[in-house]
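Student:
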Amino acid sequence: MNRDIFEGKWKEMRGQVKEWWGELTDDELDKTGGKSEQVIGLLQQKYGYTKERAEDELERRLSDVKNAVKQI
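Each residue of the sequence shown is one higher than the one before, starting from 141 at the first, in the working numbering.
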């Protein structure tokens with residue numbers, strides 16, 4: 141799953157994102173509107189990740205979801 145798909149399926153994915161990174165508030169997630177760059181920024185702020193680590197974390201999680209969907 142790439143970032144464009146993530147943004148397009150934001151309403152479906154939002155709960156999953158909250159499970160992955162529980163320190164992100166509903167308000168913060170609402171403000172991002174599913175824009176991956178904004179989610180990456182939040183991960184940097186809340187978790188102290190570097191930009192590269194935040195990008196890698198998001199990509200890894202999206203890849204896991206994509207692989208899980210393929211198995212169904």
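Ideal placement from N, C-alpha and C gives every residue a C-beta, glycine not left out.
Just so it is clear, the structure is predicted and the values come from calculations on it, not from any experiment.
Helix, strand or coil for Y189? Go by DSSP, reduced to three states.
Tutor: The answer is coil: DSSP assigns Y189 none of H, G, I, E or B.
Student: Under the assumption that K191 contacts Q184 (Cβ atoms under 8 Å), give the Cβ distance between them as a whole number of angstroms.
Tutor: The Cβ separation is near 6 Å, so the contact holds.
Student: Buried or exposed for M189, please, with buried defined as at least 16 other CB atoms from any protein chain shown within 10 angstroms of its CB.
Tutor: Note that residue 189 is Tyr in the sequence shown, not Met. Y189 comes out buried.
Student: Are the beta-carbon atoms belonging to G174 and E147 less than 8 Å from one another?
Tutor: Yes. Within cutoff.
Student: In the DSSP assignment, the alpha helix (DSSP H) including T172 goes from what residue to what residue?
Tutor: D166 to T172 is the extent of the alpha helix (DSSP H) around T172.
Student: Taking its Cβ as the centre, do 16 or more other Cβ atoms sit within 10 Å of T165, making it buried, or is it exposed?
Tutor: Classification of T165: exposed, given that the 10 Å Cβ count is below 16.
Student: Any idea if A194 is buried or exposed, counting beta-carbon neighbours within 10 angstroms, 16 or more meaning buried?
Tutor: A194 should be labelled buried.
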